[in-house]
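Q: Per our numbering, the very first residue in the sequence shown carries number -8; after that it's consecutive.
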Amino acid sequence: MFVYGYIKIRYVVVCLKRSIHVSGMTCRSCETLLREAALEVDGISEARADLNRGVLEVVARDDYSVRKVVQAVSENGYSVEGVD
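1. Which residues in the same chain as Cys18 place their Cβ atom closer than 8 Å to its Cβ, once the five residues preceding and following it in sequence are excluded?
2. Quick check on the burial criterion: 16 or more other C-beta atoms within 10 angstroms. Buried or exposed for Phe(-7)?
3. Is Leu42 helix, strand or coil by DSSP?
4. How many angstroms separate the CA atom of Val74 from the CA atom of Val49?
5. DSSP beta-bridge partners for Glu37?
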């Protein structure tokens, strides 16, 4: 006789939405570059860059991921003015 069963697991994932203020964006290609760089960071589920506001918004799993995005922004030649 075979018995099949399952365990129901519930968990909550807490995500942080952060705005990273970036200077040096001059065109839509800059927005795309920053968005793609942010999405390559482990723990980032969403990213959106806004040229007019000079902001890269990310949804992150934790603050460590946000710090890695800041590093990625800097490595791509942009300056980070602050994080909200």
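The beta carbon of each residue, even a glycine, is placed where N, CA and C say it ideally should be. Only a predicted model underlies this, so the values are computations on that prediction, with no experimental measurement involved.
A: The structure says:
1. Mapped onto the sequence shown, residue 18 falls at position 27. Within the same chain, Cβ atoms closer than 8 Å to the Cβ of Cys18 are found at Leu42, the five residues on either side in sequence being excluded.
2. Within the sequence shown, numbered from 1, the residue matching residue -7 stands at position 2. For Phe(-7), the pLDDT reaches just 48, beneath the cut-off of 50, and the residue's location in the model is therefore unreliable, leaving the point undetermined.
3. Start at 1 with the first residue of the sequence shown, and residue 42 comes out as number 51. Reduced to three states, the DSSP call for Leu42 is coil.
4. As a first step, residue 74 is located in the sequence shown; it is residue number 83 there, counting from the start. As a first step, residue 49 is located in the sequence shown; it is residue number 58 there, counting from the start. Each residue's alpha carbon lies about 11 Å from the other.
5. Locating residue 37 in the sequence shown gives position 46, counting from the first residue. Glu37 pairs with Val50.
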